[in-house]
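A short worksheet on the structure shown next.
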Amino acid sequence: ALPWPFAGAGLSFLPKPGRWMNWVKYIFGIIILMMSFWYGYSAYILLSYNKQTGSEIDEEGWFHSLPVAFAEADKTGKSLFVDFWASWCSSCKKMEKTTLRDENVVKKLEGYVKVKFNATNLRDPAVQKILQKTGVKGLPTYLILRKNK
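For the sequence shown, the residue numbers in the working numbering are 439 to 587.
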């Protein structure tokens, strides 16, 4: 929508090529390299976060395996408290940092066998089967499962 005479005059105001353009090229190259390192580091952190620790229970007493948690619940006679979460779920992370760390909540949960179910990969058939069986429609979801007597 700019009239042609103004466009022609505007081109004369652009800076002329020279040595300074090489410096601009180098600066942009450094910025691109720094960004690639940043994205690579971020990917490494995300991928390492999802790996299982190899332990069935963490330092706070949360199980990471449903079968092991069910066996513990049978052994102790306690009900099961299941936390369905995902690494991409911002509400799950907020609940983990606030509500699940609250002293009153921690005391209440001592009467349960606590298990965290990682539903990060919703396309995994095993995850789909458990979510469907428990009726979980969204995350985070918390269930208390009692043993039938």
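Cβ atoms here follow ideal geometry from the backbone N, Cα and C, with glycine treated the same way.
These numbers come from a predicted model, not from an experiment.
Proximal residues to Lys516 (C-beta, below 7 Å), its chain only, five neighbours per side dropped: Here the set comprises Gly549, Tyr550, Val551.
Give every residue of the same chain whose Cβ lies closer than 7 Å to the Cβ of Gly499, excluding the five residues on either side of it in the sequence, and list them in chain order. Correct list, in chain order: Lys552.
Quick one: residues in its chain with C-beta nearer than 6 Å to the C-beta of Ile582, no 5 flanking neighbours on either side, listed in chain order? Excluding residues within five positions, the ones whose Cβ falls inside 6 Å are Ser517, Phe519.
N-terminal and C-terminal residue of the beta strand (DSSP E) that Val551 is part of: If you look at Val551, you'll find it in the beta strand (DSSP E) that goes 550-556.
Ile582 - containing beta strand (DSSP E), residue span: From DSSP, the beta strand (DSSP E) with Ile582 extends over 579-583.
Inter-residue CB distance, Pro578 and Trp523 (contact presumed, cutoff 8 Å): Pro578 to Trp523, Cβ: 5 Å. Contact.
Using the Cα positions of Gly576 and Ile469, report the straight-line distance between them to the nearest angstrom. For Gly576 and Ile469, the distance between alpha carbons rounds to 39 Å.
Rounding to the nearest angstrom, what Cα-Cα distance links Tyr580 and Val574 in this structure? Distance between the alpha carbons of Tyr580 and Val574: 9 Å.
Do the CB positions of Val544 and Thr537 come within less than 7 Å of each other? In this structure, Val544 lies away from Thr537, with their beta-carbon atoms at least 7 Å apart.
When DSSP labels each residue in this structure, what does Phe451 get in the three-state scheme? It is coil, neither helix nor strand.
Output the boundary residues of the beta strand (DSSP E) element that contains Asp521. Looking at the DSSP string, the run of the beta strand (DSSP E) that includes Asp521 is 517-523.
Please state the DSSP three-state secondary structure of Trp526. Note: Trp526 maps to coil in three-state DSSP.
Beta-carbon within less than 7 Å of Thr572's beta-carbon, same chain only, minus the 5 sequence neighbours each way: which residues are those? Result list for Thr572: Leu581, in chain order.
Less than 7 Å between the beta carbons of Ser503 and Glu494, yes or no? The Cβ atoms of Ser503 and Glu494 sit closer than 7 Å to each other.
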